[in-house]
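Let me begin by presenting the structure, written as structure tokens, before commenting on it.
In our numbering, the protein residues as written are 3 to 238.
Here it is as structure tokens:
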């Protein structure tokens, strides 16, 4: 990517190329047939992802603190991560409440081992922040914030018979994440990123898109709550 292109513009351009695949995955995910059970699966899978968000950001912020004496990216990145972690704190509990409104046992879900697909999706971020640079996490956050539930999704779910009491997370994130995305892209342009660090953010983002499409495809193909599978096993 040309150095004259801002970091945010470069990342947006790369992500724009993936939009048709993301749209296809979300269209399959939210198709009307079997939507109620599939929504429960979606909540369960996203709980496994979202409950890792705050710990990931806190760990990345701690690593930034250690880098501050010799890395000009570290201090502003740490500030952003600590603020954003507080903004996201407790959102995993929203998902448990939504699941409980569907009749699922939230406590049972919280104690289940997440499936390998979730571990792969989130786990790459732990590897990159520990063994490369915490800035990689911005690519992950950018994709999750940019692919928040569409504003009309909650109404679509409600019209399909999904209880309103189970839609808190979908409604809230449709409103919140637009501002979060703008903040993140503004930060990307303010950070003194080297070409290598730009690549780290982009690589993380593209990996996250690929993983998100995979998660959505698995949910679309398995319209049942994953925590109800016999013997406590999970799909991959």
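All residues carry an ideal CB built from backbone N, CA and C; glycine is no exception.
Just so it is clear, the structure is predicted and the values come from calculations on it, not from any experiment.
Straight-line Cα distance separating residue j from residue i
i: residue 133; j: residue 34; result: 43 Å
i: residue 175; j: residue 128; result: 24 Å
i: residue 169; j: residue 21; result: 25 Å
i: residue 99; j: residue 171; result: 9 Å
i: residue 7; j: residue 213; result: 27 Å
i: residue 91; j: residue 50; result: 14 Å
i: residue 13; j: residue 75; result: 18 Å
i: residue 26; j: residue 72; result: 44 Å
i: residue 215; j: residue 120; result: 12 Å
i: residue 30; j: residue 139; result: 28 Å
i: residue 38; j: residue 195; result: 44 Å
i: residue 52; j: residue 190; result: 22 Å
i: residue 156; j: residue 198; result: 40 Å
i: residue 81; j: residue 116; result: 30 Å
i: residue 219; j: residue 19; result: 19 Å
i: residue 152; j: residue 67; result: 35 Å
i: residue 141; j: residue 188; result: 13 Å
i: residue 122; j: residue 114; result: 16 Å
i: residue 173; j: residue 124; result: 23 Å
i: residue 97; j: residue 43; result: 11 Å
Distance CB(residue i)-CB(residue j) smaller than 7 Å
i: residue 137; j: residue 192; result: no
i: residue 222; j: residue 145; result: no
i: residue 59; j: residue 77; result: no
i: residue 63; j: residue 83; result: yes
i: residue 101; j: residue 159; result: no
i: residue 150; j: residue 209; result: no
i: residue 205; j: residue 148; result: no
is_contact[residue i, chain D] using C-beta, thresh 7 Å
i: residue 118; result: Structure shown: chain D not included; a single protein chain is present.
8 Å contact criterion, which residue i and residue j should meet: CB distance rounded
i: residue 186; j: residue 143; result: 6 Å
i: residue 165; j: residue 104; result: 7 Å
i: residue 211; j: residue 17; result: 7 Å
Cβ-based burial, residue i [other Cβ within 10 Å; buried from 16]
i: residue 40; result: buried
i: residue 61; result: buried
i: residue 94; result: buried
i: residue 23; result: exposed
i: residue 36; result: exposed
i: residue 200; result: buried
i: residue 163; result: exposed
i: residue 217; result: buried
i: residue 15; result: exposed
i: residue 238; result: Legend: pLDDT at residue 238 = 48, less than 50; position of this residue unreliable, value from coordinates given subsequently. It is exposed - the Cβ of residue 238 has fewer than 16 other Cβ atoms within 10 Å.
i: residue 9; result: buried
i: residue 167; result: exposed
i: residue 85; result: exposed
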